Amino acid sequence: MSGIYRTPDSQRLLAERYRALLSRWPAPADQETVSTSDGDTFVISSGPADAPPLVLLHGSSGNAGAWLEVAAEWSRHFRLHAIDIPGEPGLSNPNRLPLTSGGHLRWLTEVLGALGVRRAAFVASSLGGRIALDQAAHRPEQVERLALLSPSGIGGQTFGWLPKALWFGLRGEAGRRKLFRMIMGTASLPAEVEEYLLFVNRHFRPRTDRIAVATDAELSGLDMPMLVGIGGRDVLLDSAQTRSRLAEFVPQAKVYLSPGTGHYVPMASLPVLEFLRTSQASRT
Numbered sequence: 605m606s607g608i609y610r611t612p613d614s615q616r617l618l619a620e621r622y623r624a625l626l627s628r629w630p631a632p633a634d635q636e637t638v639s640t641s642d643g644d645t646f647v648i649s650s651g652p653a654d655a656p657p658l659v660l661l662h663g664s665s666g667n668a669g670a671w672l673e674v675a676a677e678w679s680r681h682f683r684l685h686a687i688d689i690p691g692e693p694g695l696s697n698p699n700r701l702p703l704t705s706g707g708h709l710r711w712l713t714e715v716l717g718a719l720g721v722r723r724a725a726f727v728a729s730s731l732g733g734r735i736a737l738d739q740a741a742h743r744p745e746q747v748e749r750l751a752l753l754s755p756s757g758i759g760g761q762t763f764g765w766l767p768k769a770l771w772f773g774l775r776g777e778a779g780r781r782k783l784f785r786m787i788m789g790t791a792s793l794p795a796e797v798e799e800y801l802l803f804v805n806r807h808f809r810p811r812t813d814r815i816a817v818a819t820d821a822e823l824s825g826l827d828m829p830m831l832v833g834i835g836g837r838d839v840l841l842d843s844a845q846t847r848s849r850l851a852e853f854v855p856q857a858k859v860y861l862s863p864g865t866g867h868y869v870p871m872a873s874l875p876v877l878e879f880l881r882t883s884q885a886s887r888t
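Under this note's numbering, the sequence shown has 732 at position 128, and the numbering climbs by one with no breaks.
Written out as structure tokens, the structure is:
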């Protein structure tokens, strides 16, 4: 049993539930597993084969199911590639890559090569946002534009919520649900999605290592169009610092702050598709 799972049966249960979720992908799709130096990586792709590529990277404790609500519409305009990050509750290698070694940069570059993607737009959330930022900073020729939702790695992590987490952790399932809602800010999260994420939490051990913050030089070197959505009540990340660093070092970034939103920023509240399609209009 890999250390990322809570019980001997957890890996099987999570895989079964995830495959059932993927069976509801709302557009014709191809599922494939590509080989990398860091093991196998699962990708689900949909949309016309000759459409502009769009790479989707989920957050920690997530998988490609995070994009179910937008896959149908976005697949009309792009060739989507929703990638399961290693070490998360998807179908990729369960071994986690260190967050400070450049491993994700190597890994993602190999995945893009296997998919035949030379340059793409990216949409990424939370941990996936940090991985996408790293790709944009060090492989800018591969990143046409960047939409980030509650991205890690711009503002620092916050830890004031940990004492409450310990208190909630002693109160079983009810405490787990209250903790989840405190972190995610799930007032607008569909009940079915919340239940799935709670199921994942019952069987999966989330990452606890610190996420490196991008340097001033890395941020100031980003010259591609960017859209960033952040929650004003995010208890995991310093949203004020994220906003101020973007204003200082990435002035072209369009930043959308949702004052009453937690770590979960609903994609429907942001003009993501309009932002992405701007690149299509520039080609015509």
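From the three backbone atoms N, C-alpha and C, an ideal C-beta is built for every residue, glycine too. Keep in mind it's a predicted model, so treat the numbers as computed, not measured.
- Taking every protein chain shown into account, the CB of R683 has 16 or more other CB atoms within 10 angstroms, so this residue is buried.
- If the five residues before and after G669 are omitted, its C-beta is found closer than 6 Å to the C-beta atoms of L625, all from its own chain and listed in chain order.
- Secondary-structure assignment with DSSP links R683 through a beta bridge to P657.
- When C-alpha distances from P829 are compared across E796, D838, V876 and F646, the shortest belongs to V876.
- Secondary structure of A724 (DSSP, three-state): strand.
- The three-state secondary structure of G835, taken from DSSP, is strand.
- For V647, the enclosing beta strand (DSSP E) starts and ends at G643 to S650.
- Residues L660 and A686 of the same chain have their beta carbon placed closer than 7 Å to that of W671, with the five preceding and five following residues left out of the count.
- The beta-bridge partner set that DSSP reports for Q635 consists of I648.
- Each residue's CA atom was taken as its position, placing D613 and R710 some 31 Å apart.
- Minimum Cα-Cα distance from L861 among the listed residues G836, E677, P870 and S848 corresponds to G836.
- Looking at the DSSP output, R749 shares a beta bridge with A725.
- Residue pairing for Y860: DSSP places it in a beta bridge opposite G833.
- Per the C-alpha coordinates, the member of V674, R814 and N667 positioned closest to P698 is N667.
- By the neighbour-count criterion, in which 16 or more other beta carbons inside 10 Å mark a residue as buried, E692 falls on the buried side.
- Here the segment 637–644 makes no contact with the segment 615–622; the two share fewer than three CB pairs at distances below 8 Å.
- L753 places its beta carbon less than 8 Å from that of M871.
- Contact between the segment 839–855 and the segment 794–811 is absent, with fewer than three C-beta pairs closer than 8 Å.
- Partner residues in a beta bridge of T819, as assigned by DSSP, do not exist.
- A distance below 8 Å separates the beta carbons of I815 and L731.
- Taking all protein chains in view, the Cβ of D827 is surrounded by fewer than 16 other Cβ atoms within 10 Å, so the residue is classified as exposed.
- For the 8 Å CB-CB criterion, V854 and L823 form a contact.
- By DSSP's assignment, L841 forms a beta bridge with Q761.
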